[in-house]
Amino acid sequence: MQPHKQQALTDFIEYPEQQMIQRAQSFYADLKRRHSIRKFSERSIPKSIIEDCIKTAGTAPSGANHQPWHFAAIESADVKRQVRQQAEAHEQRFYEGSASSEWLNALKPLGTDAQKPYLELAPWLIAVFSQKKGGPEQGQKQQNYYVHESVGIATGFLLAALHNAGLATLTHTPKPMSFLSEICQRPDDERAYMLIITGFPADDATIPEHALKKKSLSDIASFL
Ligand code: IYR
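Going by our numbering, the sequence shown opens with residue 28, and the numbers climb by one from there.
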């Protein structure tokens with residue numbers, strides 16, 4: 028058996044109860060201000076901000092701590108153009124036939140369509156990839172575990188980090204998404220998981236009212 032070395036927990040912070048209540052409320056109020064928007068400004072964003080947000084995502088818990096994710100941060104106008112061109116071609120097929128009418132009806136209140144100019148206009152696209160094979164060290168090819176769960180948590184951390192840094196975000200899941208692997212030159216044992224668009228909102232950015240209707244606490248939680 029390998030020894031499982033342990034270290035003292037030195038960076039946990041215990042807050043006084045009043046402060047805990049206040050922090051829980053203010054974090055809720057802050058995350059509640061994160062909205063998916065579909066009109067982005069072309070204003071640039073320093074790479075170091077994106078790097079730090081990806082580092083935050085990389086702190087997420089994962090199956091056996093294998094960290095089964097890769098984040099391809101795209102700033103190049105040429106690469107963004109390729110992403111837009113391919114995504115729009117797929118979305119065209121989706122909106123014009125491949126999607127079920129139930130799905131298209133569910134999307135109606137969002138007002139989405141096949142046009143995705145933000146894929147070229149936003150300063151950064153972050154393509155998230157999941158890795159079936161890997162390990163705790165870079166370059167390993169062991170089995171990974173709970174890959175979807177792990178990458179989902181890391182993506183959530185990334186969205187929260189980008190929002191915290193003062194950036195707007197949009198999650199985008201073109202269907203199929205495999206073209207991202209080619210454009211980002213990712214290996215065969217990785218799967219495109221999600222595309223995150225980030226930057227400043229355009230001056231005329233809007234939020235669909237539909238997206239503001241959140242279920243109540245009693246809808247989403249039970250206390251036993
Ligand atoms: N990927 C398409 C369709 C789409 C699907 C869902 I589910 C959404 O919540 C929003 C859009 C698009 O981006 O238009």
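Just so it is clear, CB atoms sit at the ideal spot from N, CA and C, and this is done for glycine as well.
Residue 175 has its alpha-carbon roughly 15 Å from the corresponding atom of residue 85. With contacts defined as CB atoms closer than 7 Å, residue 211 and residue 99 qualify as a contacting pair.
In summary, residue 199 is buried, with 16 or more beta-carbon neighbours lying within 10 Å of its beta-carbon over all protein chains present. For residue 44, the enclosing alpha helix (DSSP H) covers residues 44-58. The bridge partners DSSP lists for residue 170 are 160. Remark: the C-beta of residue 225 is outside contact range of ligand 1, defined as less than 6 Å to any heavy atom. By the neighbour-count criterion, in which 16 or more other beta carbons inside 10 Å mark a residue as buried, residue 92 falls on the exposed side. For residue 84, the uninterrupted alpha helix (DSSP H) run begins and ends at 74-84, by DSSP. Under the 8 Å Cβ criterion, the segment 216-232 counts as touching the segment 148-158, having at least three qualifying pairs. 145 is the residue among 218, 145 and 251 whose C-alpha sits nearest the C-alpha of residue 112. The residues 84, 87 and 96, in chain order, have a CB closer than 6 Å to that of residue 181 in the same chain once the five nearest residues on each side in sequence are set aside.
Of the heavy atoms belonging to ligand 1, at least one sits nearer than 6 Å to the Cβ of residue 139. By the neighbour-count criterion, in which a residue is buried when 16 or more other Cβ atoms sit within 10 angstroms of its Cβ, residue 59 is exposed.
Between residue 216 and residue 158 the beta-carbon gap is near 7 Å, inside 8 Å, which marks them as a contact. In the DSSP assignment, residue 210 falls within the alpha helix (DSSP H) that extends over 206-210. Distance between residue 129 and residue 135, taken at the CA atoms: about 10 Å. For residue 63, the beta-bridge partners assigned by DSSP are 196. In the DSSP assignment, residue 101 falls within the unbroken beta strand (DSSP E) covering 96-101. With a cutoff of 7 Å on beta-carbon distance, residue 205 and residue 89 are scored as not near each other. Excluding its 5 nearest sequence neighbours in each direction, residue 62 has C-beta neighbours in its own chain below 6 Å: 234, listed in chain order.
The three-state secondary structure of residue 217, taken from DSSP, is strand.
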